[in-house]
Amino acid sequence: MFTTSSDVNYMLQFQEMKILLIGILILWKFCSVSKVPGVQDMQNKTPETTADTIDFAKQVQPIMVSNCSPCHFPGGKMYSRLPFDKDTTIINHSPGILKRIKNKEQNSLLQNFILQNKNGLRKEGHEK
Ligand code: HEC
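Put into structure tokens, the structure is as follows:
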């Protein structure tokens with residue numbers, strides 16, 4: 382008799398645990414369903430401004446080409462002094478360059494690229 386009643390108690394506790402767990406699962410589902418689209422929305426809107434993922438060749442250089450060619454690119458008169466196909470030029474001359482890129486999105490992408498490199502990713506020692 383004694384054993385049976387404690388078994389029943391145990392079963393009851395187990396049932397309560399199950400209900401609690403199911404409740405937690407439902408809440409968790411609910412939360413993740415309502416949050417995930419928001420996060421994805423944000424990522425879809427600004428993939429290029431994520432500070433540590435800006436790629437010079439793919440994202441920065443096209444901006445420089447569209448604004449500053451031909452002069453700062455091969456064959457241009459400023460290519461020997463300020464070549465804009467080199468990431469170090471962009472980083473080392475950032476104030477003058479940011480001043481000249483008026484488009485807000487392009488400017489903030491450049492700022493993030495410069496920040497990202499000032500935070501320690503700068504390539505070592507090439508460029509005068
Ligand atoms: C029509 C040719 C031409 C184009 C296009 C051009 N530049 Fe220049 N750039 C020059 C010349 C010439 C100089 C050197 C004379 C001077 O300092 O103004 C120069 C100098 C500079 C300098 C160094 C002097 C300073 O004021 O800081 C920077 C930085 C610069 N350019 C950035 C840019 C950027 C950024 C773009 C694109 C938005 C651009 N340039 C487009 C010809 C050009």
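Numbering (the numbering used here), first residue to last: 382 to 509. Built from N, CA and C at the ideal position, the CB exists for glycine as well.
Asked: Does the Cβ of Ile495 lie closer than 7 Å to at least one heavy atom of the ligand HEC?; Found: no
Asked: Closer than 7 Å: is that where the CB of Asn477 sits relative to any heavy atom of the ligand HEC?; Found: With the sequence shown as reference, residue 477 is identified as Gly, and Asn is not the correct amino acid for it. Gly477 Cβ: within cutoff of the ligand HEC.
Asked: Measuring only from the beta carbon, is Ile482 closer than 7 Å to any heavy atom that is part of the ligand HEC?; Found: yes
Asked: What three-state label does DSSP hand Lys485 in the structure shown?; Found: helix
Asked: Contact defined as beta carbons within less than 8 Å: I believe Gln497 pairs with Ile435. What is the distance between those atoms, to the nearest angstrom?; Found: 6 Å
Asked: If you measure between the beta carbons of Ile478 and Leu491, is that distance less than 8 Å?; Found: yes
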